[in-house]
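Residue 1 is where the sequence shown starts when you use the UniProt record's numbering, and the numbers rise one by one after that. Think of the CB as a built atom: it goes at the ideal place given N, C-alpha and C, for glycine as much as any other residue. Comments concern the structure below.
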Amino acid sequence: MPPTNNATRPLRELMAIGFNNVFLSMERLAGGLITALMALFCLSVLAAVLLASPLGVGLLLLPVALRLISKVADRERHRLSRWGTSVPSPAAFDHPSGPGEALRALVSRPRVRRELLWLFCHATLGLLTGFLGVVLPIIAVRDSTFPLWWRLLPPETAGASIGVPVHTWSEALAVGLLGAGWGAVTFGVLPLLALLQSCPGRCFLRPRIQAVLAERITVLTETRAAALRSHTAELRRIERSLHDGAQNRLVAAIIRTGAARRALWTDPERAEEAMEQAQAAAEEALAELRGVVRSILPPALENNDLEGALTALAPGCSVPCTVDVGDCGPMASSIEATVYFAVAEAVTNITRHSGADRARIRVARDGDRLHARVHDNGRGGADERAGSGLAGVRRRVEAHDGTLTVDSPVGGPTEIGLELPCGS
């Protein structure tokens with residue numbers, strides 16, 4: 001086997017990176033051209049609506065036009081985020097439902113104004129750059145291969161892409177050289193065009209830092225309030241359990257112990273019976289106390305780590321369940337309990353409602369975030385509002401500043417995912 005030429009390897013790698021960059025830029029520009037055409041359509045609709053506003057018809061259609069613009073802007077956000085430029089969606093807001101609200105939105109809502117600025121820029125600059133990104137490669141390929149097929153054309157139509165007629169082989173070869181030049185231009189210009197095309201979206205579609213902070217404050221306020229309500233309800237549940245259960249058993253044990261003490265010298269048989277009843281009441285109280293304690297912190301976590309506790313859930317599932325838990329490292333016991341309760345609830349739902357024949361539990365740590373997924377191939381259709389216990393799981397997770405996702409289309413499969421902060 002002949003030795004490879006190591007001197008040319010950097011050049012080959014550089015060319016491979018360059019070609020890959022060009023192809024990615026072409027794909028980005030083509031996708032941007034599609035959203036630019038959609039933006040041009042929305043701009044035309046908005047112009048028609050504004051022109052018809054004096055007649056009253058335009059005002060009625062203005063909320064529809066703003067909703068359409070918002071959907072196209074969200075599509076562009078998704079496209080830019082797909083290509084590595086993080087453009088998160090701003091906080092959700094109620095779209096204007098009437099002409100008056102639509103007019104106020106045009107004047108007072110920064111998000112609407114910024115989306116309108118993006119709409120104009122993308123419908124013009126984005127359309128131009130997208131058109132060039134599609135046409136330049138076609139011209140380069142067409143002219144560079146022209147000497148191979150120019151003789152197949154009718155003499156009156158043979159010519160270069162710039163309109164110069166071709167009648168001889170020398171002219172055809174010149175067109176091929178021109179195509180090579182177009183290829184070099186395309187190679188260098190397409191990445192710049194893709195960057196230029198994304199500028200309006202990166203400038204106008206990103207939520208402002210004030211909006212991000214306001215949304216964050218709102219979310220934290222809601223989750224902390226929900227956590228406080230959940231904590232209060234949990235304390236009341238514990239109080240009821242102790243008052244209605246263990247306390248009554250202990251009172252009964254005390255009464256029977258007193259009765260046994262009084263009957264000890266006068267009626268030993270009755271005293272012995274009372275002591276047995278007191279012992280039974282004390283044992284029942286102890287069992288109820290253990291039940292209350294276990295409802296606060298799972299006993300599986302007292303004797304095992306998170307992996308062992310989750311593995312112990314698999315035999316209780318009605319279908320074959322595989323457990324894959326990575327090295328999660330140390331974390332707060334409240335985080336472990338939240339993950340355990342969430343996975344246990346998901347496994348219970350699989351047993352009761354899913355109709356699945358297999359399930360999988362996956363838990364992994366990524367930096368300071370803990371990710372857990374419970375997947376089954378059942379019938380799907382899981383609904384938090386249907387009493388499946390997922391609403392309580394969501395409150396637990398959000399109380400720790402985590403997120404819960406439920407992906408359960410009708411027909412399946414179902415995947416319950418949660419993400420929790422667990423320290424660095």
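Residue j beta carbon less than 8 Å from that of residue i
{"i": "alanine 65", "j": "valine 87", "result": "no"}
{"i": "leucine 33", "j": "glycine 133", "result": "yes"}
{"i": "aspartate 376", "j": "threonine 348", "result": "no"}
{"i": "alanine 253", "j": "alanine 271", "result": "no"}
{"i": "tryptophan 118", "j": "proline 63", "result": "no"}
{"i": "arginine 79", "j": "threonine 35", "result": "yes"}
{"i": "leucine 129", "j": "leucine 196", "result": "In the sequence on display, residue 129 carries threonine and not leucine. Yes. Within cutoff."}
{"i": "alanine 364", "j": "histidine 371", "result": "yes"}
{"i": "alanine 194", "j": "arginine 82", "result": "no"}
{"i": "valine 323", "j": "alanine 337", "result": "no"}
{"i": "leucine 190", "j": "valine 22", "result": "yes"}
{"i": "glutamate 115", "j": "serine 70", "result": "yes"}
{"i": "glutamate 384", "j": "alanine 391", "result": "yes"}
{"i": "valine 339", "j": "leucine 420", "result": "yes"}
{"i": "residue 425", "j": "alanine 356", "result": "Residue numbering for the chain in the displayed model covers 1 to 424; residue 425 lies beyond these limits and cannot be assessed."}
Bridge-paired residues (DSSP) for residue i
{"i": "proline 421", "result": "Arg369"}
{"i": "alanine 364", "result": "His371"}
{"i": "threonine 322", "result": "Arg360"}
{"i": "aspartate 376", "result": "Ala359 and Thr414"}
{"i": "leucine 404", "result": "Leu418"}
{"i": "glycine 126", "result": "Looking at the DSSP assignment, glycine 126 forms no beta bridge with any residue, so it has no partner."}
{"i": "proline 165", "result": "Gly159"}
Residue i burial status per 10 Å Cβ neighbour count (16 or more: buried)
{"i": "tryptophan 182", "result": "buried"}
{"i": "leucine 153", "result": "exposed"}
{"i": "alanine 47", "result": "exposed"}
{"i": "arginine 206", "result": "buried"}
{"i": "valine 393", "result": "buried"}
{"i": "alanine 332", "result": "exposed"}
{"i": "histidine 122", "result": "buried"}
{"i": "residue 425", "result": "Residue 425 is absent from the structure shown; the chain starts at 1 and stops at 424."}
{"i": "isoleucine 361", "result": "buried"}
{"i": "glycine 179", "result": "buried"}
{"i": "serine 170", "result": "exposed"}
{"i": "tryptophan 265", "result": "exposed"}
{"i": "glycine 84", "result": "exposed"}
{"i": "tryptophan 149", "result": "exposed"}
{"i": "serine 334", "result": "exposed"}
{"i": "valine 72", "result": "buried"}
{"i": "isoleucine 162", "result": "exposed"}
{"i": "isoleucine 217", "result": "exposed"}
{"i": "valine 112", "result": "buried"}
Residue i Cβ short of 7 Å to the ligand SAM heavy atom set
{"i": "leucine 59", "result": "Annotation note on the ligand SAM: not contained in the displayed structure, which lists no ligands."}
Span separating the alpha-carbon of residue i from that of residue j
{"i": "alanine 160", "j": "glycine 176", "result": "9 Å"}
{"i": "glutamate 273", "j": "glutamate 288", "result": "23 Å"}
{"i": "threonine 311", "j": "cysteine 317", "result": "11 Å"}
{"i": "glycine 126", "j": "alanine 309", "result": "54 Å"}
{"i": "glutamate 345", "j": "aspartate 368", "result": "24 Å"}
{"i": "methionine 26", "j": "proline 137", "result": "8 Å"}
{"i": "arginine 396", "j": "glutamate 76", "result": "34 Å"}
{"i": "serine 144", "j": "threonine 157", "result": "17 Å"}
{"i": "arginine 208", "j": "aspartate 401", "result": "22 Å"}
{"i": "glutamine 279", "j": "threonine 257", "result": "9 Å"}
{"i": "proline 147", "j": "proline 165", "result": "13 Å"}
{"i": "aspartate 74", "j": "leucine 40", "result": "15 Å"}
{"i": "leucine 418", "j": "leucine 404", "result": "4 Å"}
{"i": "threonine 351", "j": "arginine 373", "result": "16 Å"}
{"i": "glutamate 269", "j": "alanine 263", "result": "9 Å"}
{"i": "alanine 172", "j": "leucine 55", "result": "60 Å"}
{"i": "alanine 184", "j": "leucine 192", "result": "13 Å"}
{"i": "phenylalanine 120", "j": "alanine 52", "result": "19 Å"}
{"i": "asparagine 20", "j": "alanine 30", "result": "15 Å"}
{"i": "serine 408", "j": "valine 343", "result": "16 Å"}
{"i": "aspartate 327", "j": "arginine 236", "result": "36 Å"}
{"i": "proline 110", "j": "cysteine 321", "result": "50 Å"}
{"i": "arginine 202", "j": "aspartate 366", "result": "28 Å"}
{"i": "aspartate 305", "j": "glutamate 276", "result": "40 Å"}
{"i": "valine 251", "j": "cysteine 422", "result": "43 Å"}
Anticipated Cβ contact below 8 Å, residue i with residue j, distance rounded
{"i": "valine 410", "j": "alanine 359", "result": "With a Cβ gap of about 19 Å, valine 410 and alanine 359 do not count as contacting."}
{"i": "glycine 329", "j": "glycine 380", "result": "Between glycine 380 and glycine 329 the Cβ distance is about 34 Å, and since that is not below 8 Å, they are no contact."}
{"i": "arginine 249", "j": "alanine 285", "result": "3 Å"}
{"i": "threonine 186", "j": "alanine 140", "result": "5 Å"}
Within-8 Å CB hit, residue i to chain B
{"i": "glycine 133", "result": "Of the protein chains in this structure there is only one, and it is not chain B."}
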